[in-house]
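The numbering of the sequence shown is our numbering, which starts it at 28 and goes up by one. For each residue, glycine too, the CB sits at the ideal point set by N, CA and C. Computed from a prediction, not measured in an experiment: that's the story for all the values here. Written below as structure tokens is the structure these notes are about.
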Amino acid sequence: EIVFRCAEMAPPSRVCSRNYAWYVHFEKLPHPFAVIWMPSRMRGTNDGGYFYNSKSGIRIEAAANTIFI
Numbered sequence: 028e029i030v031f032r033c034a035e036m037a038p039p040s041r042v043c044s045r046n047y048a049w050y051v052h053f054e055k056l057p058h059p060f061a062v063i064w065m066p067s068r069m070r071g072t073n074d075g076g077y078f079y080n081s082k083s084g085i086r087i088e089a090a091a092n093t094i095f096i
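Here is the structure:
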């Protein structure tokens with residue numbers, strides 16, 4: 028069972044994009060969960076496209092057919 032605090036039970040949201048880039052930002056979500064799915068990766072790892080979590084000290088490297096929860 029998943030308990031949502033301070034939020035209505037809404038379906039998950041998603042972002043579908045191509046060549047998407049965004050400056051370092053913080054998102055306030057009504058839940059502690061996030062899912063990142065990268066079905067395709069056409070460029071090399073030196074081209075960036077990473078996700079950073081500075082609070083936990085982790086970097087998620089962009090790679091094809093990868094999902095992070």
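List the endpoints of the continuous beta strand (DSSP E) containing R86. Annotation for R86: the continuous beta strand (DSSP E) segment containing it runs I85 to I87.
Spatial distance of P59 from A91 (CA atoms): The alpha-carbon atoms of P59 and A91 are separated by roughly 25 Å.
Under the three-state reduction of DSSP, which class applies to N80: helix, strand or coil? Strand at N80.
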